[in-house]
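Engineer:
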Amino acid sequence: ACGKVTIKGKRHWYEALPQAVFVALSDDTAWIIRTNGDLYLQTGLSVDRPCARAVKVDCPYPLSQVTARNSVVWALTEQRALLYREGVSSFCPEGEQWKCDIVSERQALEPVCITLGDQQTLWALDIQGNLWFRTGIVSKKPQGDDDHWWQVSITDYVVFDQCSLFQTIIHATHSVATAAQVPVEKVADKLRMAFWSQQLQCQPSLLGVHNSGVWISSGKNEFHVAKGNLIGTHWNHVVPRGTASATKWAFVLASAAPSKEGSSLWLCQSSKDLCSVSAQDAQSRPSTVQLPPDAEMRAYAACQDALWALDSLGQVFIRTLSKSCPTGMHWTRLDLSQLGAVKLTSLACGNQHIWACDSRGGVYFRVGTQPLNPSLMLPAWIMIEPPVQPAGVTLVSVHCSPNDQMLWALDSRWNVHVRAGITEEMPVGTDWEHVPGLQACQLALSTRTVWARCPNGDLARRYGITDKNPAGDYWKKIPGNVTCFTVTSSDELWAVGPPGYLLQRLTRTFSHSHGAASSHAT
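The opening position of the sequence shown corresponds to residue 1 in the UniProt record's numbering, with each subsequent residue numbered one higher.
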């Protein structure tokens, strides 16, 4: 420890505690972890009194890290469990007792590093290199306000190489084994020191969270800082009333509600069932939608006044929706004789327009979301030239925005394409552009955003989309891994997770400028 600088500009260093591997400082205390995992506390510290007598603080487990700030203390055990200290105050700086953090246990979080940040936040970096935070962390409620962690998407830093860590521990074990017989405790200490020497060399660590950003060390002499607003994500498991929590959903689709307020969710567990629930009250009882007899549905598309369904034979059925009957009354089979032998494989509904794709990659455009009026003599479908592709590569799906202003498509190699030149005067657009950056097996469009699901289940959003730049500029991944997803017209994401759960994306924005963090579903 070092006191304040003397008149001559020399610092005086004192040994505060031997055999220490980690220290956390608050305004007037020092929490110190020793090589055996024990925790010690020094209190009443200041620039004039940089160190004091260390008092051991009992802890049920050996610790690897501790963090302290504003009378809040959290600790990380060597087994990566998280503990927080109750009863810490200026009158009782050592606190009263440790509590295991059940939120981290429930989420199976495996932190390698923790730190308390400004604005009453706690941050953790886990073994996979994911960054998480919690809010409302204060001395009277050290566990905070959240019943879950918020995950932040970060990139460009290196998680420590576990292989080299194990090699170091194995080397330490051999060196102990070749020595004379020693107590088990000595072996444990040797391993612990090897672990710490390796940790210090190559483990990423959270250096600090304050108004200049979130600072991370990659463990390889590199610093990384995340500035600006950070968006935390939590996927909330939603169970509609009357369904089992273990219900395995296969598909979810969002569309504008017929009431003109909010969105409807269309859900199914197989190709032979369908139900609907309001996205604003997804825990209410779903309304069952009777499907046409003997039909096995392959795809759905929906807008405010119609639900379109495509079956395994390529037949199209339309269900008219209204405010008085938001799930419709009956199905009408669409006459596709104009298309001849063509078999449709994908549908997309805009506000007034329908897009379709066939088994050979052909693209079709139709004005009107309702069944064809027999009195109209206009051709129902207009064929659109697909993008120029290498031999054997064809479009497999089309995806449009709820306001008819965007059309995106996927091909058989998971490449992404966008239709350029779409205007009110030219609703079919003018040409195709390839959208680079990632491969996708599903797209979802709101009125202003485009989202993609990668073949491995990761999700990403496309940024920089404008009328003059329909392809946008870049993709940015968000936390989450899903098997199917959809987005409402107001940018709320819903998904089916790998176990078949219905998930809603909730977000919490952390702003480095002082002010309350905002939270909403998006």
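Glycine residues also receive a C-beta, built at the ideal position from the N, C-alpha and C atoms.
Grouping DSSP H, G and I as helix and E and B as strand, with all else coil, what is residue 492?
Structural biologist: In the structure shown, residue 492 sits in coil (DSSP, three-state: anything other than H, G, I, E or B).
Engineer: Could you pull the start and end residues of the alpha helix (DSSP H) that residue 389 belongs to?
Structural biologist: First-last for residue 389: undefined, no H or E at that position.
Engineer: Taking only three categories from DSSP, how would you classify residue 154?
Structural biologist: Here residue 154 sits in coil by DSSP.
Engineer: Using DSSP bridges, identify the partner residues of residue 369.
Structural biologist: The partner list for residue 369 (beta bridge, DSSP) is empty, contrary to what the question assumes.
Engineer: Identify which residue in 403, 404, 442 has its Cα closest to the Cα of residue 417.
Structural biologist: Comparing Cα-Cα distances from residue 417 to each of 403, 404, 442, the minimum goes to 442.
Engineer: Rounded to the nearest angstrom, what separates residue 125 and residue 37 at their Cα positions?
Structural biologist: So the alpha carbons of these two residues sit roughly 20 Å apart.
Engineer: Select from 400, 307, 358 the residue whose C-alpha is nearest the C-alpha of residue 350.
Structural biologist: The shortest C-alpha separation from residue 350 is found at 400.
Engineer: Please classify residue 440: does DSSP put it in a helix, a strand, or coil?
Structural biologist: It is coil, neither helix nor strand.
Engineer: Please classify residue 174: is it buried, with 16 or more other beta-carbons within 10 angstroms of its beta-carbon, or exposed?
Structural biologist: Residue placement at residue 174 cannot be trusted, given a pLDDT of 44 that sits under 50; what the coordinates show is reported in the next sentence. So residue 174 ends up on the exposed side.
Engineer: By Cβ distance, which residues of its chain are closer than 7 Å to residue 4, with the 5 residues on each side in sequence left out?
Structural biologist: Excluding sequence neighbours, residue 4 sits near 47, 48.
Engineer: In angstroms with no decimal places, state the Cα-to-Cα distance between residue 45 and residue 88.
Structural biologist: One C-alpha to the other measures close to 16 Å.
Engineer: May I ask you to report which of helix, strand or coil DSSP gives residue 511?
Structural biologist: Three-state result, residue 511: coil.
Engineer: Using 10 angstroms around the beta-carbon of residue 115, count the other beta-carbons present and answer buried if the total reaches 16, otherwise exposed.
Structural biologist: Buried.
Engineer: Should residue 341 go down as buried or exposed, given a rule of 16 or more other Cβ atoms within 10 Å for buried?
Structural biologist: It is exposed - the Cβ of residue 341 has fewer than 16 other Cβ atoms within 10 Å.
Engineer: List the residues that DSSP assigns as beta-bridge partners of residue 406.
Structural biologist: Looking at the DSSP assignment, residue 406 forms no beta bridge with any residue, so it has no partner.
Engineer: Am I right that residue 447 and residue 489 are in contact with their C-beta atoms under 8 Å? What's the rounded C-beta distance?
Structural biologist: That belief holds up - the Cβ atoms of residue 447 and residue 489 are roughly 5 Å apart, short of 8 Å.
Engineer: Specify, as a first and last residue, the run of the beta strand (DSSP E) that residue 354 falls within.
Structural biologist: Its beta strand (DSSP E) spans residues 353-358.
Engineer: Which stretch, first to last residue, makes up the alpha helix (DSSP H) that contains residue 106?
Structural biologist: Run containing residue 106: 102-107, per the alpha helix (DSSP H) assignment.
Engineer: From residue 119 to residue 409, what does the alpha carbon distance come to, in whole angstroms?
Structural biologist: Whole-angstrom Cα-Cα distance: 43 Å.
Engineer: I believe residue 62 touches residue 78 by the beta-carbon criterion, under 8 Å. Please report the beta-carbon distance rounded to the nearest angstrom.
Structural biologist: About 5 Å separates the two Cβ atoms, so the contact holds.
Engineer: DSSP has residue 111 in a bridge; who is on the other side?
Structural biologist: 126.
Engineer: Using 10 angstroms around the beta-carbon of residue 84, count the other beta-carbons present and answer buried if the total reaches 16, otherwise exposed.
Structural biologist: By the 10 Å Cβ count, residue 84 comes out buried.
Engineer: Taking the alpha-carbon positions, what's the residue 275 to residue 103 distance?
Structural biologist: Using only the alpha carbons, I get a separation of about 33 Å.
Engineer: Could you check whether the segment 280-300 touches the segment 223-242, counting it as contact only if at least three pairs of C-beta atoms, one from each stretch, sit closer than 8 Å?
Structural biologist: The segment 280-300 is in contact with the segment 223-242.
Engineer: With 8 Å as the threshold, decide whether the Cβ of residue 486 is near any Cβ in chain B.
Structural biologist: Protein chain content of the structure displayed is limited to a single chain, and chain B is not contained in it.
Engineer: Can you give me the start and stop residues for the beta strand (DSSP E) that residue 20 sits inside?
Structural biologist: Looking at the DSSP string, the run of the beta strand (DSSP E) that includes residue 20 is 20-25.
Engineer: Report yes or no: do the segment 323-335 and the segment 350-361 share at least 3 C-beta pairs separated by less than 8 Å?
Structural biologist: Contact fails: fewer than three Cβ-Cβ distances are below 8 Å.
Engineer: In or out: residue 128 buried (at least 16 other Cβ within 10 Å) or exposed?
Structural biologist: Flag for residue 128 reads exposed.
Engineer: What does the alpha-carbon distance come out to for the pair residue 19 and residue 153?
Structural biologist: Going from the Cα of residue 19 to the Cα of residue 153 covers about 37 Å.
Engineer: List the DSSP bridge partners of residue 141.
Structural biologist: DSSP lists 138 as partners of residue 141.
Engineer: What are the uninterrupted segments assigned as beta strand (DSSP E) that are 3 or more residues long and contained completely in the segment 214-284, given in chain order?
Structural biologist: Listed in chain order, the complete beta strand (DSSP E) runs (minimum 3 residues) inside the segment 214-284 are 223-226, 230-238, 251-256, 263-268, 275-278.
Engineer: I want to know whether the segment 223-230 touches the segment 253-272 - three or more CB-CB distances under 8 Å.
Structural biologist: No: fewer than three Cβ pairs fall under 8 Å.
Engineer: Taking one C-beta from the segment 294-310 and one from the segment 251-262 each time, how about it: are there three or more such pairs within less than 8 Å?
Structural biologist: Yes, the segment 294-310 is in contact with the segment 251-262.
Engineer: So the candidates are 483, 497, 492, 1; which of them puts its Cα closest to the Cα of residue 507?
Structural biologist: The residue with the shortest Cα to Cα distance from residue 507 is 492.
Engineer: Can you tell me whether residue 313 is helix, strand or coil according to DSSP?
Structural biologist: It is coil, neither helix nor strand.
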